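A short write-up of the structure that comes next.
2 protein chains.
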Amino acid sequence: MTARSHGQEVVPKFRGPATTAPLGVELSERETPVHPDTRRRAPAAHVTLDAVAREAGVSLATASRALNGTARVRDDLRGRVRAAADLLGYIPNAHAQALASPEGNRTVGLICHDVGDPYFAGIAGGVMRAAAEQDLLVMLASTFREPAREIAYVSMLRAQRARAILLIGSGFQDRAWERAMDAELEPYVRAGGRVAVVSRHRSMRVDTVQPENRAGAAALAASLVALGHREFAVLSGPPELTTVADRLAGFREGLARAGITLERVVRGAFTREGGHAAARQLLASGGSRPTCVFAVTDVMAVGALAALREAGVRVPEDMSLAGFDDIPVVREVSPPLTTVALPLTEMGEQVIALALRTPSGAGRSRVLRIEGNVVLRGSTGAPPGS
Amino acid sequence: MTARSHGQEVVPKFRGPATTAPLGVELSERETPVHPDTRRRAPAAHVTLDAVAREAGVSLATASRALNGTARVRDDLRGRVRAAADLLGYIPNAHAQALASPEGNRTVGLICHDVGDPYFAGIAGGVMRAAAEQDLLVMLASTFREPAREIAYVSMLRAQRARAILLIGSGFQDRAWERAMDAELEPYVRAGGRVAVVSRHRSMRVDTVQPENRAGAAALAASLVALGHREFAVLSGPPELTTVADRLAGFREGLARAGITLERVVRGAFTREGGHAAARQLLASGGSRPTCVFAVTDVMAVGALAALREAGVRVPEDMSLAGFDDIPVVREVSPPLTTVALPLTEMGEQVIALALRTPSGAGRSRVLRIEGNVVLRGSTGAPPGS
DNA sequence: ACCTTACCAGAAAGCGCTTTCTGAAAGCGC
DNA sequence: GCGCTTTCAGAAAGCGCTTTCTGGTAAGGT
Numbered sequence: 401m402t403a404r405s406h407g408q409e410v411v412p413k414f415r416g417p418a419t420t421a422p423l424g425v426e427l428s429e430r431e432t433p434v435h436p437d438t439r440r441r442a443p444a445a446h447v448t449l450d451a452v453a454r455e456a457g458v459s460l461a462t463a464s465r466a467l468n469g470t471a472r473v474r475d476d477l478r479g480r481v482r483a484a485a486d487l488l489g490y491i492p493n494a495h496a497q498a499l500a501s502p503e504g505n506r507t508v509g510l511i512c513h514d515v516g517d518p519y520f521a522g523i524a525g526g527v528m529r530a531a532a533e534q535d536l537l538v539m540l541a542s543t544f545r546e547p548a549r550e551i552a553y554v555s556m557l558r559a560q561r562a563r564a565i566l567l568i569g570s571g572f573q574d575r576a577w578e579r580a581m582d583a584e585l586e587p588y589v590r591a592g593g594r595v596a597v598v599s600r601h602r603s604m605r606v607d608t609v610q611p612e613n614r615a616g617a618a619a620l621a622a623s624l625v626a627l628g629h630r631e632f633a634v635l636s637g638p639p640e641l642t643t644v645a646d647r648l649a650g651f652r653e654g655l656a657r658a659g660i661t662l663e664r665v666v667r668g669a670f671t672r673e674g675g676h677a678a679a680r681q682l683l684a685s686g687g688s689r690p691t692c693v694f695a696v697t698d699v700m701a702v703g704a705l706a707a708l709r710e711a712g713v714r715v716p717e718d719m720s721l722a723g724f725d726d727i728p729v730v731r732e733v734s735p736p737l738t739t740v741a742l743p744l745t746e747m748g749e750q751v752i753a754l755a756l757r758t759p760s761g762a763g764r765s766r767v768l769r770i771e772g773n774v775v776l777r778g779s780t781g782a783p784p785g786s
Numbered sequence: 401m402t403a404r405s406h407g408q409e410v411v412p413k414f415r416g417p418a419t420t421a422p423l424g425v426e427l428s429e430r431e432t433p434v435h436p437d438t439r440r441r442a443p444a445a446h447v448t449l450d451a452v453a454r455e456a457g458v459s460l461a462t463a464s465r466a467l468n469g470t471a472r473v474r475d476d477l478r479g480r481v482r483a484a485a486d487l488l489g490y491i492p493n494a495h496a497q498a499l500a501s502p503e504g505n506r507t508v509g510l511i512c513h514d515v516g517d518p519y520f521a522g523i524a525g526g527v528m529r530a531a532a533e534q535d536l537l538v539m540l541a542s543t544f545r546e547p548a549r550e551i552a553y554v555s556m557l558r559a560q561r562a563r564a565i566l567l568i569g570s571g572f573q574d575r576a577w578e579r580a581m582d583a584e585l586e587p588y589v590r591a592g593g594r595v596a597v598v599s600r601h602r603s604m605r606v607d608t609v610q611p612e613n614r615a616g617a618a619a620l621a622a623s624l625v626a627l628g629h630r631e632f633a634v635l636s637g638p639p640e641l642t643t644v645a646d647r648l649a650g651f652r653e654g655l656a657r658a659g660i661t662l663e664r665v666v667r668g669a670f671t672r673e674g675g676h677a678a679a680r681q682l683l684a685s686g687g688s689r690p691t692c693v694f695a696v697t698d699v700m701a702v703g704a705l706a707a708l709r710e711a712g713v714r715v716p717e718d719m720s721l722a723g724f725d726d727i728p729v730v731r732e733v734s735p736p737l738t739t740v741a742l743p744l745t746e747m748g749e750q751v752i753a754l755a756l757r758t759p760s761g762a763g764r765s766r767v768l769r770i771e772g773n774v775v776l777r778g779s780t781g782a783p784p785g786s
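Chains as they are written, first to last, in our numbering: chain A, 401 to 786; chain B, 401 to 786.
As structure tokens, then:
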């Protein structure tokens, strides 16, 4: 046997070309030396509580009580059990515990569209931090914006008997999917499951962390008007999402208070590229050019900023640009983007706190309204001709 | 009872002030109407397979086989079982399944420092996508860079009997913690557990996805030299991390090939702020100013770019700046950053694939080397006086 | 000294499922 | 038509743990 051979092979499947150039990948093998003093015991599949009890010379029940502190156990016995447990390297089987105990397990489920999106990453960070403090494990599910996957995940999380299911982000355009989701969630909630959502208007009443999209956008509009702008355009997302609808409506409202009508709304996907494309479309369309553009999310605004730069439009000299959310990247671009700041981390902490407080089905659900703050940065200024 | 009251109260605890300004938060309640046609059955704690079997008039065993397709079941019986299952809204108990079946459960554990960091988010995205394809649930653990938490998570994931444990990112400076980690991991691996890591040099031999930090940094150095630079500085991270050490060594190596000695190395934390502080420190220190700066990660480079701008240093006219990793934000800043691109998503996909292939303890571990590509962007140019 | 009370260890009954094992019924060749 | 294999449903044995329930022993009251 050529066990020592340092075989090398090119990895067979490598999905998709690299972002910028083909990249080499190389696979090599190496032997695993067995650490001498770790060879204490035969590596039985898993050390069970039974083995620990036997080693300590006590009963299964006593071992369980000693390890969990569920009931008084004589000190010497407890000592023996503890010693046996770490001699054997005992790790309890969470599945068995979950099955045997009415307490269930210590996990929560978090469903979002894409962990890669900074908006979700921010909220997820808050959830993770809060979960860590309570010794909860988070099962993360990325739907990649496919409704079917979202529903599948709810049912997987139900199967896992997660303590709570958290949904982050706007629902889907398709009402049919929303209905299917409700059908999936409803029995869960009725059976005592906890559900909480961020920014999602649902037919089912569940605990909600709801950014004040409308008020935030209205306040932003007011600030923009105060800078002297009169001609606006909005880079909008899928109009069926309440987040989009609310921000758009709020912006309109804010303008209306100043007697201004919103001239143009361009629709785009909810991504950087969507914002980029929408901005290009706006520039390509004829008519008088707006002096100020509001993109309904920062992610879109970042794309729009790139598009404006590519088109030679200076921000804010030729055109002002504002977003919504205050994701970290907006401070790094130049000019930094004016936006409506949402406390993403706190929202994450709040949504899990909300979910864990009491069962969702307890007759009433809570709505935690989060106010956004207009943050004026370099991307907005006085309109060109002033 | 004033069940209809729309009680409002300010949420009691709200950790930390908002990022930019105090924000109002408002809590309100609302009643949950019971949807009429969903009231089919009493919401027993959970529908069990036993109930399904009884409803279908078959035995437990048959119900199990019918639902899982583990063995042939007469068509009519299978039909009855399926019908009963979704009439009752049966969801299998994953814990019971995991306990009863040698297959174990369908979850993997992913441990990283911080989901909020774009580098991790990128890799995590790849892991999530691959996991989704295989119907695996990912248990995400953020250590927030606390070694104790990392070890605690390994043991939680062991308890959950995760199919694999994935560790992303460099290990800790403190050798004692590394040893503790190994002690935690070792019995797991010996018991057939699968472990794979990204970018982590460990005493224990586990499957590894290893970016070619050294070669990448050397190639970057060569490109920079080719632009005409002769005086360099490096914004480095904690030197105990192999990632840092390798990139630094590689960069030195690349320079050495051109007969250039690295003038200055400034150490900073592995964050945006670390990069910012390191850049300030570099500017503050006397002596001749380097014409080109390499930050060992893009996150640090982004911070450095901000610091340079604040100090009135033009990039790349006065000073060139380059990073490593190619996280999304480096394309959005201006000028966009030159960097060594790593295929983060693919790395995530590969690490989970590696872990799932065969048990880690099978005598040999594999190392998948990932080559980075130098991507020249606007942040680098010819040195000032040329 | 006798009986009650308190304390605590062990036996055993599940938790909800998978999977052998057993056996009944049906299909086949002779 | 008889024994053979084949097909497939049901009984039952766990998986590893928690948690009653039971019972033995020591302490306290009279």
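Glycine residues also receive a C-beta, built at the ideal position from the N, C-alpha and C atoms.
The structure presented is a predicted model; accordingly, all values stated were derived computationally and were not measured.
Let me see if you follow: with CB-CB separation under 8 Å, is alanine 548/B close to chain A or not? Locating residue 548/B in the second sequence gives position 148, where the first residue counts as 1. It does not; no Cβ of chain A falls within 8 Å.
I'd like the span of the alpha helix (DSSP H) that includes proline 587/B, first residue to last. Counted from its first residue, the second sequence places residue 587/B at position 187. Residues 575-590.
In chain order, what residues of the same chain have a beta carbon less than 7 Å from the beta carbon of proline 728/A, not counting five sequence neighbours either side? The sequence position of residue 728/A within the first sequence is 328, counting from 1. Here the set comprises Pro518.
Going by DSSP, which residues form a beta bridge with glutamine 610/B? The count along the second sequence starts at 1 and reaches residue 610/B at position 210. In the DSSP output, where bridge partners are listed per residue, glutamine 610/B has Arg769/B.
Nearest CA to the CA of threonine 739/A: which residue from Gly712/A, Val702/A, Leu754/A? Residue numbering aside, residue 739/A sits at position 339 when the first sequence is read from its first letter. Among Gly712/A, Val702/A, Leu754/A, the Cα nearest to that of threonine 739/A belongs to Val702/A.
Every unbroken beta strand (DSSP E) inside the region 612-667 of chain A [3 residues or more]: 632-636, 664-667
When you check each C-beta in the region 447-467 of chain A against every C-beta of chain B, which residues fall closer than 8 Å? none
State the start and end residues of the unbroken alpha helix (DSSP H) segment that holds methionine 719/A. Position 319 of the first sequence, counting from 1, holds the residue named residue 719/A. From DSSP, methionine 719/A is part of no alpha helix (DSSP H); its letter is neither H nor E.
Let's test the definition: count the other Cβ atoms within 10 Å of the Cβ of serine 779/A and tell me whether it reaches 16, buried, or not, exposed. Along the first sequence, read from residue 1 onward, the residue named residue 779/A stands at position 379. Result: buried.
Give me the residue from Glu586/A, Ala621/A, Glu717/A with the minimum Cα distance to alanine 658/A. If you number the first sequence from 1, residue 658/A lands on position 258. Among Glu586/A, Ala621/A, Glu717/A, the Cα nearest to that of alanine 658/A belongs to Ala621/A.
Cysteine 512/B: which of Gly525/A, Pro502/A, Asp646/A, Leu510/A sits nearest, CA to CA? What you label residue 512/B is simply residue 112 of the second sequence in a count that begins at 1. That would be Gly525/A, whose Cα lies nearest to the Cα of cysteine 512/B.
Helix, strand or coil for leucine 776/A? Go by DSSP, reduced to three states. In the first sequence, the residue the question calls residue 776/A occupies position 376. Of the three classes helix, strand and coil, the one that applies to leucine 776/A here is coil, per DSSP.
Backbone CA spacing between serine 599/A and isoleucine 568/A [nearest angstrom]: For the purposes of this step, residue 599/A is taken as residue 199 along the first sequence, with counting starting at 1. For the purposes of this step, residue 568/A is taken as residue 168 along the first sequence, with counting starting at 1. Cα to Cα, serine 599/A sits roughly 7 Å from isoleucine 568/A.
Cβ-based neighbour list, glutamate 455/A, same chain, cut-off 8 Å, excluding 5 preceding and 5 following: Taking the first residue of the first sequence as position 1, residue 455/A is located at position 55. For glutamate 455/A, where only same-chain residues beyond five positions count, the Cβ hits under 8 Å are Ala484, Leu487, Leu488.
By the DSSP assignment, the alpha helix (DSSP H) with threonine 745/B in it spans what residues? Taking the second sequence and counting its residues from 1, the one referred to as residue 745/B is at position 345. First-last of the alpha helix (DSSP H) with threonine 745/B: 744-757.
Can you tell which of Ala684/A, Asp725/A, Arg714/A has the C-alpha that lies nearest to the C-alpha of valine 699/A? Counting from one through the first sequence, the residue named residue 699/A turns up at place 299. Answer by Cα proximity: Asp725/A.
Give me the Cα-Cα distance between glycine 755/A and proline 547/B, rounded to the nearest whole angstrom. If you number the first sequence from 1, residue 755/A lands on position 355. If you number the second sequence from 1, residue 547/B lands on position 147. Per the sequence shown, the amino acid found at residue 755/A is alanine instead of glycine. Taking the straight line from one Cα to the other gives about 29 Å.
Which class does alanine 782/A belong to by DSSP, given the choice of helix, strand or coil? Residue mapping note: residue 782/A aligns to position 382 of the first sequence, counting from 1. In this structure, alanine 782/A counts as coil in the three-state DSSP scheme.
Can you tell me the Cα-Cα spacing of glutamate 710/A and leucine 641/A, whole angstroms? Along the first sequence, read from residue 1 onward, the residue named residue 710/A stands at position 310. Along the first sequence, read from residue 1 onward, the residue named residue 641/A stands at position 241. Taking the straight line from one Cα to the other gives about 29 Å.
Nearest to isoleucine 770/B (by Cα), restricted to the options Tyr588/B, Ala707/B, Glu631/B, Ala615/B: If you number the second sequence from 1, residue 770/B lands on position 370. For the residues Tyr588/B, Ala707/B, Glu631/B, Ala615/B, the minimum Cα distance to isoleucine 770/B belongs to Ala615/B.
Measure the C-alpha to C-alpha separation of leucine 624/B and aspartate 646/B and round it to an integer number of angstroms. For the purposes of this step, residue 624/B is taken as the residue at position 224 of the second sequence. For the purposes of this step, residue 646/B is taken as the residue at position 246 of the second sequence. When rounded, the distance between both Cα atoms is 18 Å.
Can you confirm whether the region 583-594 of chain A touches the region 522-541 of chain A when touching is taken to mean that 3 or more C-beta pairs between the two stretches lie within less than 8 Å? no
Assuming contact is defined by CB atoms lying nearer than 8 Å, are arginine 563/A and arginine 594/A in contact in what I supplied? As a working mapping, residue 563/A is identified with position 163 in the first sequence. As a working mapping, residue 594/A is identified with position 194 in the first sequence. A contact, by the Cβ cut-off of 8 Å.
Rounded to the nearest angstrom, how far is the Cβ of valine 515/B from that of alanine 521/A, given a contact under 8 Å? In the second sequence, counting from the first residue as 1, residue 515/B sits at position 115. In the first sequence, counting from the first residue as 1, residue 521/A sits at position 121. Sure, about 6 Å apart at Cβ, within 8 Å.
Beta-carbon within less than 6 Å of phenylalanine 670/B's beta-carbon, same chain only, minus the 5 sequence neighbours each way: which residues are those? Position 270 of the second sequence, counted from the first residue, corresponds to residue 670/B. The residues are Gly637.
Identify the continuous beta strand (DSSP E) that holds glycine 509/A and give its terminal residues. Numbered from its first residue, the first sequence carries residue 509/A at position 109. Element bounds for glycine 509/A: 507-512.
Do aspartate 705/B and alanine 496/A have their CB atoms nearer than 8 Å? Residue numbering aside, residue 705/B sits at position 305 when the second sequence is read from its first letter. Residue numbering aside, residue 496/A sits at position 96 when the first sequence is read from its first letter. Note on identity: in this sequence residue 705/B is leucine, with aspartate being the wrong assignment. Cβ atoms of leucine 705/B and alanine 496/A: not closer than 8 Å.
Answer yes or no: do threonine 608/B and valine 767/B have a C-beta to C-beta separation smaller than 8 Å? As a position in the second sequence, residue 608/B is number 208, starting the count at 1. As a position in the second sequence, residue 767/B is number 367, starting the count at 1. In this structure, valine 767/B lies closer than 8 Å to threonine 608/B by Cβ.
In three-state terms, what does DSSP make of aspartate 450/A? Position 50 of the first sequence, counting from 1, holds the residue named residue 450/A. The answer is helix: DSSP assigns aspartate 450/A an H, G or I state.
Alanine 596/A, enclosing beta strand (DSSP E) - first and last residue: Taking the first sequence and counting its residues from 1, the one referred to as residue 596/A is at position 196. Alanine 596/A -> beta strand (DSSP E) spans 594-598.
With a threshold of 16 other CB atoms inside 10 Å of the CB of arginine 474/B, please say whether the residue is buried or exposed. Indexing the second sequence from 1 puts residue 474/B at position 74. Exposed is the call here.
Nearest-angstrom Cα distance between arginine 506/A and leucine 537/A? By one-based count along the first sequence, residue 506/A stands at place 106. By one-based count along the first sequence, residue 537/A stands at place 137. Approximately 6 Å between the Cα atoms of the pair.
Mind listing which residues of the region 489-502 of chain A have their C-beta closer than 7 Å to chain B's C-betas, in chain order? Gly489, Ile491, Pro492, Asn493, Ala494, His495, Ala496, Ala498, Leu499
To the nearest whole angstrom, what separates the beta carbons of arginine 777/A and proline 743/A, a pair I think is in contact under 8 Å? On the first sequence, position 377 is the one that residue 777/A refers to. On the first sequence, position 343 is the one that residue 743/A refers to. That pair is no contact at about 17 Å.
With isoleucine 551/A as the anchor, note down where its beta strand (DSSP E) starts and where it stops. Looking up residue 551/A in the first sequence gives position 151. Run containing isoleucine 551/A: none in the beta strand (DSSP E); it sits in the alpha helix (DSSP H), 547-559.
Determine, using beta carbons only, whether glycine 675/B and leucine 635/B come nearer to each other than 8 Å. Counting from one through the second sequence, the residue named residue 675/B turns up at place 275. Counting from one through the second sequence, the residue named residue 635/B turns up at place 235. For glycine 675/B and leucine 635/B, yes; Cβs fall inside 8 Å.
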